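Taking the working numbering, the leading residue of the sequence shown gets 48, the next gets one more, and so forth.
First comes the structure, then the notes that go with it.
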Amino acid sequence: MDGAYSKAIPVDKISYALDAVTRGKAPARGDLGAALRLLPAGVARRSYRLPADAVPAPTDGGTPSVIAVSSLLPGVEAAGGLQPGDVITTVAGAKVGDDLLALDRAANAKVGKSVPVVVYRNGTRVELRAVPVRDLEALKVKRFARYGGGTFHGLSDGARYELPAAGSSKGVLMPEAEPGTPFARLTAVRPAATTRAAAATDSYVDGGGRMLVTQINGKKVETLDDLIAAARAVADGAAGYAVARDLTTVASPPGGKATELTFNVARYPLQVFEWDAKQLDWVSDGGTKAVA
48 MDGAYSKAIP VDKISYALDA VTRGKAPARG DLGAALRLLP AGVARRSYRL PADAVPAPTD
108 GGTPSVIAVS SLLPGVEAAG GLQPGDVITT VAGAKVGDDL LALDRAANAK VGKSVPVVVY
168 RNGTRVELRA VPVRDLEALK VKRFARYGGG TFHGLSDGAR YELPAAGSSK GVLMPEAEPG
228 TPFARLTAVR PAATTRAAAA TDSYVDGGGR MLVTQINGKK VETLDDLIAA ARAVADGAAG
288 YAVARDLTTV ASPPGGKATE LTFNVARYPL QVFEWDAKQL DWVSDGGTKA VA
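See below:
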């Protein structure tokens, strides 16, 4: 099928989720607040001074590896005491070795609680007594809006991690906009002008930035509700402006940049969608389902 996309996922990776869904419950997804990676044991021993007796036997018979903390997610920098560079060996009493699935299972069983975690830090064994296990399901984006051709949602912890430039900024994330629509202008890149005539034109090329929208027509936009209220106050065909900052480039002004827009509300109306756990789909406030 043209345009089809598929991805293989190990059954044991999703079996717990399928079991929860068949029982009418949301799957538990625990998280230690850290980005983890599999690190070759040789690198761990050489650069992180991991003792030889702390290297686990490979679960799949391949190259010996360990689970290491790459970085911490926003808001959990000091929680529980995990640090980048830590090599995790035990979670909630379960040895995890190089098995990320085993770590997931241990965390999933303790969502909302704190668990003991054993790590090696620069070669020294450290016992962390209470590492919080966050509920990833509760942290997911569960509400978004479409307006003026753009898609908008609040800044989740995951988004802040992927876009460090966001920091503690307030605003609404616009991850995408349909080419040729009003809000696509916010993600536009002005081509270099080679002539005076070219410089005088107002042509843009659709770009792919991750835009943090902070104002619409002078009204602050700090939350999705702010954006919805601002959108409802705009008449169809009205001219106005929005202030946004591109979080994917350091060249974007810290305070954002104002861009003129014509709000074609009739063609690109405001739609608000919420996740329906029973239907397992996005449903708008008008009762319709979102179409990708």
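By construction, the Cβ of each residue, glycine as well, lies at the ideal position given by its N, Cα and C atoms.
A quick note: this is a predicted structure, and the numbers were derived from the prediction, not measured.
Nearest candidate by alpha-carbon position, reference residue i, set the options
i	options	result
Tyr95	Leu119, Gln130 and Gly71	Gln130
Gly218	Val162, Gly201, Ala156 and Leu317	Gly201
Ala305	Arg207, Pro316, Thr106 and Asp293	Asp293
Val116	Gly159, Leu147 and Ala278	Leu147
Pro105	Leu83, Lys142 and Tyr167	Lys142
Asn264	Leu308, Asp283 and Pro300	Leu308
Gly302	Gln262, Asp272 and Asp332	Gln262
Met221	Lys72, Lys157 and Leu271	Leu271
Ser118	Glu184, Leu85 and Gly159	Leu85
Gly132	Leu83, Glu209 and Val164	Leu83
Pro179	Ala75, Pro163 and Arg193	Pro163
Phe191	Ile135, Gln318 and Gly214	Gln318
Val173	Gly195, Ala101 and Ser112	Ala101
Ala91	Gly77, Gly144 and Val281	Gly144
Euclidean distance between Cα positions of residue i and residue j
i	j	result
Ala154	Leu327	24 angstroms
Leu259	Gly80	24 angstroms
Phe320	Val188	11 angstroms
Arg237	Pro226	The predicted position of Arg237 is uncertain, since its pLDDT is 39 and thus under 50; no value can be drawn from it.
Tyr208	Asp182	16 angstroms
Arg70	Asp283	46 angstroms
Asp249	Arg232	Note that Asp249 scores 34 on pLDDT, short of 50, meaning its location in the model is unreliable and no value can be drawn from it.
Ala239	Ala298	In this prediction, Ala239 scores a pLDDT of 38, lower than 50, which makes its location untrustworthy; no coordinate-derived value is stated.
Ala212	Lys267	19 angstroms
Ser215	Lys157	28 angstroms
Arg257	Pro98	42 angstroms
Thr110	Pro87	7 angstroms
Trp322	Ala276	20 angstroms
Thr296	Arg279	31 angstroms
Lys160	Lys72	19 angstroms
Asp151	Phe230	39 angstroms
Opposing strand residues paired with residue i [DSSP bridges]
i	result
Ile275	Bridge partners of Ile275: none, in fact.
Tyr288	Glu307
Thr270	DSSP lists no partner for Thr270.
Gly77	Asp182
Leu259	Leu220 and Arg292
Pro87	Ser112
Gln318	Arg193
Lys142	Thr137
- Task: With a floor of 4 residues, list each alpha helix (DSSP H) that falls wholly inside the segment 155-187, ordered by position along the chain.
- Result: 183-186
- Message: Using a Cβ distance threshold of 8 angstroms, determine whether the segment 159-173 contacts the segment 282-296, with at least three qualifying pairs required.
- Response: no
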